[in-house]
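Peer 1:
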Amino acid sequence: EAGVTQFPSHSVIEKGQTVTLRCDPISGHDNLYWYRRVMGKEIKFLLHFVKESKQDESGMPNNRFLAERTGGTYSTLKVQPAELEDSGVYFCASSPRLRLAGAGETQYFGPGTRLLVL
Amino acid sequence: DAKTTQPNSMESNEEEPVHLPCNHSTISGTDYIHWYRQLPSQGPEYVIHGLTSNVNNRMASLAIAEDRKSSTLILHRATLRDAAVYYCILRDGAQKLVFGQGTRLTINP
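Going down the list, the sequences are from chains A and B. The opening residue of the first sequence carries number 1 in the working numbering; numbering runs sequentially from there. The opening residue of the second sequence carries number 1001 in the working numbering; numbering runs sequentially from there.
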């Protein structure tokens, strides 16, 4: 079974440009999450999709970030315009439909996209 | 989300057991204790989770204190591949994971 994949693995852009990150979850996983780690900080939650719907977007830093999951399969995270403080590693994770109330389903992470904004 | 406290770093030798502590004094009755780890240049990966009883799986064991205010992740025989940052996370059914700083584990050959 293929794991979570992310593209690109690295991206270097200039301040003010636009970058789009893509995440392909494990096939059949309804839940898709975006997290990021900016330099020196902890991994932070950005948002959560259930199929194509945004379940929780409380972690999105500002309106320069736009996440989509059309058709409930892959997801994109667009940063427009990118700022220096957006540099970091962006992780995507997926999990199956919630079955265990309380425990939470295991999340499977991709390798991340390393974004550098110059 | 309830907070956890872990040592910043720990060091151990290859093929020896490793005990990674986690304090969670404000844990609620419905919080599960989850452990994830992040190997170098990879995304986090699930290790183990439990509620009240000790748990074992092929990767590790989780020992939970009787009052649930602390827990210990046990790697029975550490290998070089176990060098990673280990995160202790409390979940109450909320879908998102709340990561702390974790413990950076170094394994000496």
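Cβ atoms here follow ideal geometry from the backbone N, Cα and C, with glycine treated the same way. As the structure is a computational prediction, the values presented were derived from the model and not from experiment.
(1) Who are the Cβ neighbours of Ser11 of chain A in its own chain at under 6 Å, not counting the five residues just before and after it?
(2) Within the same chain, show all residues whose beta-carbon is closer than 8 Å to that of Gln6 of chain A, passing over the 5 residues directly before and after it, in chain order.
(3) DSSP three-state label for Thr70 of chain A, please.
(4) With 8 Å as the threshold, decide whether the Cβ of Gln107 of chain A is near any Cβ in chain B.
(5) Helix, strand or coil for Asp86 of chain A per DSSP?
(6) Give me the chain A residues within the contact set of Pro1044 of chain B, using Cβ-Cβ distance strictly less than 9 Å, ordered along the chain.
(7) Between Lys1003 of chain B and chain A, is there a C-beta pair that is closer than 8 Å?
(8) If you follow the beta strand (DSSP E) that Met39 of chain A is part of, which residue opens it and which one closes it?
(9) Output the distance between the C-alpha atoms of Gly1093 of chain B and Asp1031 of chain B, rounded to the nearest integer angstrom.
(10) Kindly indicate which residue of A:Ser9, A:Gly59, A:Gly3, A:Tyr35 has the alpha-carbon position closest to the one of His29 of chain A.
(11) Which two residues bound the contiguous beta strand (DSSP E) that contains Asp56 of chain A?
Peer 2: Concretely, from the data shown:
(1) To locate residue 11 of chain A, count along the first sequence from 1; it is residue 11. Excluding sequence neighbours, Ser11 of chain A sits near Val19, Leu115.
(2) As a position in the first sequence, residue 6 of chain A is number 6, starting the count at 1. So the list reads Leu21, Arg22, Cys23, Asp24, Tyr90, Phe91, Cys92, Gly110, Pro111, Gly112, Thr113, once near-sequence residues are dropped.
(3) Start at 1 with the first residue of the first sequence, and residue 70 of chain A comes out as number 70. Residue state, collapsed to three classes: helix.
(4) Here the question's residue 107 of chain A lines up with position 107 in the first sequence. True, the Cβ-Cβ gap to chain B drops below 8 Å.
(5) Residue numbering aside, residue 86 of chain A sits at position 86 when the first sequence is read from its first letter. It is helical.
(6) The sequence position of residue 1044 of chain B within the second sequence is 44, counting from 1. The contacting residues are Tyr35, Ile43, Phe91, Ala93, Gln107, Phe109.
(7) Here residue 1003 of chain B refers to the residue found at position 3 when the second sequence is read from its first residue. No, because no Cβ of chain A sits closer than 8 Å to the Cβ of Lys1003 of chain B.
(8) Position 39 of the first sequence, counted from the first residue, corresponds to residue 39 of chain A. Premise fails: Met39 of chain A is in no beta strand (DSSP E) and is neither H nor E.
(9) The count along the second sequence starts at 1 and reaches residue 1093 of chain B at position 93. The count along the second sequence starts at 1 and reaches residue 1031 of chain B at position 31. Gly1093 of chain B and Asp1031 of chain B have their C-alpha atoms spaced approximately 8 Å apart.
(10) As a working note, residue 29 of chain A is residue 29 in the first sequence. It is A:Gly3.
(11) Translated into positions along the first sequence, residue 56 of chain A becomes position 56. Element bounds for Asp56 of chain A: 53–56.
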